[in-house]
Amino acid sequence: MDRNTQKGFTLIELLIVVVILGILVAIAAPSFGKLIDDRRLKGAAENLFVDMMFAKTEAIKKNQIVTISATGTGAIWCYGLNETIACDCTTANSCQIDGVEKVVSNLDYPNVDVVASSTLDGSSISFTPLRGFANGLHLKFSSTSSKQLGAAVSPLGRVRLCSDVTSWGYESCL
């Protein structure tokens with residue numbers, strides 16, 4: 371048996387592997403950008419859904435009205451939760467639950483816009499202490515990939531996610 375037999379990669383083999391990996395990364399990079407945009411869109415809609423459910427349960431638990439107030443359109447938007455009355459989510463410490471500021475804005479979700487048909491200026495949802503009834507509201511977000519995902523509240527207080535893209539597994543927004 372020859373002890374001088376060398377095992378391992380040559381420099382040329384290593385360079386070929388690096389070039390192939392570089393090509394694969396270049397092909398996959400645009401897909402990652404789309405994936406990130408879709409995750410931001412889902413995150414914004416699911417966060418709104420959770421905040422609506424939270425407002426409903428807080429209204430029932432505390433036996434007082436809890437309101438979600440929203441403002442903005444397109445790329446500049448925000449919403450906040452407040453006990454009893456509507457609040458201005460653009461003003462610091464205006465929207466609070468138990469003394470803790472509860473505001474979500476477009477800064478939390480870059481490249482997520484409010485759909486034009488869902489203009490928020492002055493919109494609010496008030497959940498009543500009696501079984502969490504609410505005035506109905508439907509809000510849709512969109513991403514740079516033109517997908518839309520939203521959250522809706524029925525007058526009976528049912529909160530749901532909805533989408534125009536059935537492949538995501540959500541009900542239709544219509």
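Read left to right, the sequence shown gives residues 371 to 544 (our numbering).
Backbone N, C-alpha and C fix where the C-beta goes; we use that ideal spot for every residue, glycine too.
Among the options, whose alpha-carbon lies nearest the alpha-carbon of residue i?
{"i": "PHE424", "options": "ASN505, ALA414, VAL436, GLY413", "result": "VAL436"}
{"i": "GLY450", "options": "PHE419, ILE430, LYS432", "result": "PHE419"}
{"i": "LYS432", "options": "ASN452, ILE446, THR441, ALA415", "result": "ASN452"}
{"i": "SER533", "options": "SER401, LYS412, GLY392", "result": "LYS412"}
{"i": "LEU531", "options": "LYS517, THR514, LYS510", "result": "LYS510"}
{"i": "THR427", "options": "GLY520, SER516, ILE467", "result": "ILE467"}
Let's see if you can read the secondary structure: which residues bound the alpha helix (DSSP H) around residue i?
{"i": "PHE424", "result": "381-432"}
Over what stretch of residues does the beta strand (DSSP E) that includes residue i continue unbroken?
{"i": "ASP458", "result": "ASP458 -> no beta strand (DSSP E), and no H or E assigned at all."}
{"i": "THR437", "result": "436-443"}
{"i": "LEU531", "result": "529-533"}
{"i": "SER475", "result": "473-475"}
{"i": "PHE503", "result": "Neither: PHE503 is in no beta strand (DSSP E) and is coded neither H nor E."}
{"i": "ILE493", "result": "It should be noted that the sequence gives Ser, not Ile, for residue 493. 493-497 is the span of the beta strand (DSSP E), which, as asked, contains SER493."}
For residue i, which residues does DSSP report across the bridge?
{"i": "GLN518", "result": "SER512"}
{"i": "TRP447", "result": "GLY442"}
{"i": "ASP483", "result": "SER512"}
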